[in-house]
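Residue 117 in the numbering used here is what sits at position 102 of the sequence shown, and the numbering runs on without skipping anything.
All C-beta atoms, glycine included, are put in the ideal place defined by N, C-alpha and C.
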Amino acid sequence: VQSCGGCHDTDEMPLELYITSEHGRAVLLSGLDAAPGCSDCHGGHRIYSVDNDRAPTARENAPEMCGTCHNLLFHDWQDMSAHGMAWVEGEDGPVCIDCHATHHIVDPTTSESRIESADNCGGCHDEYLTTFRDSFHGQASNLGMSTGAVCADCHTPHKNLAADDPRSSVHADNLMETCGQCHENVTANFASFQPHNDPTNPEDHFGVYVVWFFMTALLIGVFAFFGVHDLLWLQRSWVGVMRGEFDDEKATSGQYVRRFNMMNVRTHAVIITTFLLLALTGLPLKFSGAPWAQTLMSLLGGVDMARAVHRIAAVGTFGYMAFHVLNVAWRWIVRRERGIFWGPNSMMPQPKDFKDFFGNIRYFLYMGKRPDGDRWTYFEKFDYLAVFWGVVIIGVSGLALWFPGLFTRFLPGWTLNAAQVIHSDEALLATGFIFIFHFFHTHLRPESFPMDTVIFTGKMPLERFKAERPLEYQRMVDSGELEKYLVPAPRPRQLRRAYIWGTIALTTGIALAIGIIWALLSH
């Protein structure tokens, strides 16, 4: 080796490539005489250039050369592999050196090799590489999870046969055994999951395509609607600030109104925490090819740690949703409260909400005054009801992905493909909406900038309350209940805590929103 390296240590063929390879390490570091040195592959005195068909290192001769040492693998490959059978027939196809390289041969079981293997296979199978990268296996591999399935785990490295060959590991009759190498409780339905499904292609599976089409239309529709709505609002607010239209709201006598009780404040704190954790751990997986995804996943401790945190936050989400539903049921059934499902205190959409929407559009376009607000606005009700939709849709699809064996006991495998589309796109809709539109509605519009602390303290200045929600204010005055809701201003410590946690949440959300836009534009 050292003798050959005296001449063949160039930029094109550095000796270090061989020395650091599995062959070189076995010869030089372990003293393993059986490991191949230069002459074992290239010959001793009859050395030919690799482009000479008499050279044992020529591409068409490489399998026999490698098979000198790797005899069993060579016979498996030529007899039980589509690649090997193509080579036997003299057809073009990958041989040993295409997959394992020539001088820098590495252990294919190492984490680095496993993560890089998909790109190696994708050099020929580029259409399958794309669908693999869009699957959970591919996304996790992109982010450095070496224990996730890669091409060779399903197709095998030296016995890879076409899916219609009964001997193939991916033949329908063998899929339960193949999937069972990693997954427990594998059913026939589970094994019918399509790992290379393209949801945008109706010919792959029409049911999954319909789901993708609906989710894409929903995402574009919501973003387009609120995008136009909030751009109109933004320009109107700027003009209002410059005209001093909101000065009366910002002047305060020090008297505050209790808008939320402590249960509401604490529930919202749980919502913020779980939502941010879900976004932080889920978005890097969805946008695994984005430059920032790997950095964020590394900061989180890797895919396995992020997955554990994601599931804990999901349980927290189910928890606060169950608590809220039970609380509403208790107030309605036990306490017999009225107005929960209809009236000014209800979160259900009502005729006034549609009237207020069109009134706001007129206000944004300088064609009328701002509608008189009540307890809840139409965009606040949208936020509230969207949580119900989101938790159900994201939650059920997430549970299907978390427990695929359980769900495929009674559902076909393609529903897992649909669940991934639903979970991914609905999560994008939820995070994008919260971090862009909800943040604007509550904190970032000019009249509230930089932050509305009411959700953190539960208190709102009386002057602002009268200006923004005159109908609720007048109802309190008429009923004589206003005094009951008047409270002192938040203490400095409360405000300080509100600004600290609010800044953390806003900064995190805005950073993730920028990451989403960056990933979508660069995809």
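Residue i versus residue j - alpha carbon distance
i    : j    : result
T231 : I531 : 16 angstroms
W417 : W429 : 15 angstroms
S36  : P78  : 19 angstroms
E441 : R350 : 35 angstroms
D493 : F290 : 39 angstroms
A178 : F464 : 59 angstroms
Q250 : G259 : 14 angstroms
I327 : L414 : 12 angstroms
S64  : P299 : 47 angstroms
A401 : D262 : 33 angstroms
F422 : I34  : 50 angstroms
M28  : Q17  : 14 angstroms
G236 : F147 : 28 angstroms
P461 : Q365 : 28 angstroms
H540 : R74  : A question about residue 540 goes unanswered here, because the residues of the chain that appear run from 16 up to 538.
H85  : D213 : 38 angstroms
D134 : A155 : 14 angstroms
L539 : M100 : Given that the chain is displayed from residue 16 to residue 538, the structure contains no residue 539 and the question cannot be resolved.
A284 : K481 : 26 angstroms
W357 : A337 : 22 angstroms
H339 : F229 : 29 angstroms
R182 : V103 : 18 angstroms
V318 : S126 : 14 angstroms
D94  : T72  : 21 angstroms
G105 : V225 : 44 angstroms
E218 : D188 : 23 angstroms
L315 : K367 : 45 angstroms
Nearest residue (CA-CA) to residue i, options the options
i    : options                   : result
C3   : S268, C19, S161 and L88   : The chain is shown only over 16 to 538; residue 3 falls outside these bounds and no answer can be derived.
L497 : Y514, R508, L477 and T523 : L477
K370 : F151, T215 and F394       : F394
M363 : T332, L233, Y399 and F373 : Y399
R377 : P210, C81, S54 and L247   : L247
G269 : S361, Q209 and L501       : L501
I449 : L426, G405 and M491       : G405
N276 : L249, G473 and D66        : G473
G255 : R511, R40, R273 and Y381  : Y381
I12  : L190, G420 and S412       : The requested residue 12 is not part of the displayed model; the chain covers only 16 to 538.
N39  : M95, E75, I120 and H85    : For clarity, residue 39 is Gly in the given sequence; the question names Asn instead. Minimum Cα distance to G39 is reached at I120.
L444 : I287, A344, D319 and L234 : L234
I519 : P366, S361, R460 and T288 : T288
V330 : T145, H60, I409 and L527  : I409
P109 : S64, N76, E131 and P181   : N76
S540 : C84, A116 and S184        : The requested residue 540 does not occur in the structure, where the chain is confined to residues 16 to 538.
R424 : R490, K301, S207 and A482 : S207
S161 : P181, A187, P123 and V42  : P123
S537 : H140, T267, W307 and G317 : W307
E264 : M475, G447 and I529       : M475
H115 : S128, P181 and L176       : S128
V407 : M278, A50, F379 and F333  : F333
N342 : H325, R385, N279 and T310 : N279
N360 : W345, T171 and K396       : K396
C139 : G374, D107, C169 and F372 : D107
T171 : R479, A434, I286 and C136 : C136
Cβ pair residue i, residue j closer than 7 angstroms
i    : j    : result
D624 : L32  : Residue 624 lies beyond the residue range present for the chain, which begins at 16 and ends at 538; the question has no answer from this structure.
A167 : H152 : no
C3   : C81  : With the chain covering 16 to 538 only, the question about residue 3 has no answer from this structure.
M466 : H456 : no
H173 : W227 : no
L158 : M320 : no
V201 : N432 : no
A49  : V42  : no
A528 : Y271 : no
Y335 : T282 : yes
K301 : S439 : yes
A70  : A305 : no
Cβ-Cβ separation, residue j to residue i (assumed contact under 8 angstroms), whole Å
i    : j    : result
P210 : S303 : Actually they do not touch by this definition, with Cβ atoms about 16 angstroms apart.
F8   : C194 : One cannot answer for residue 8 here, as it falls past the ends of the chain, which runs 16 to 538.
E199 : G420 : 6 angstroms
H98  : N175 : 7 angstroms
Residue i at chain E interface by Cβ criterion, 7 angstroms
i    : result
W533 : Considering every chain present, this structure includes no chain E. It has just one protein chain.
| request: Evaluate contact between the region 478-491 and the region 386-398, counting only Cβ atoms and requiring at least three cross-stretch pairs below 8 angstroms. | output: yes
| task | Pair every Cβ in the region 507-514 with every Cβ in the region 462-472, then say whether three or more of these pairs are closer than 8 angstroms. | result | yes
| task | Report yes or no: do the region 237-253 and the region 451-461 share at least 3 C-beta pairs separated by less than 8 angstroms? | result | yes
| message | Quick check: the region 280-295 against the region 523-530, are at least 3 beta-carbon pairs closer than 8 angstroms? | response | yes
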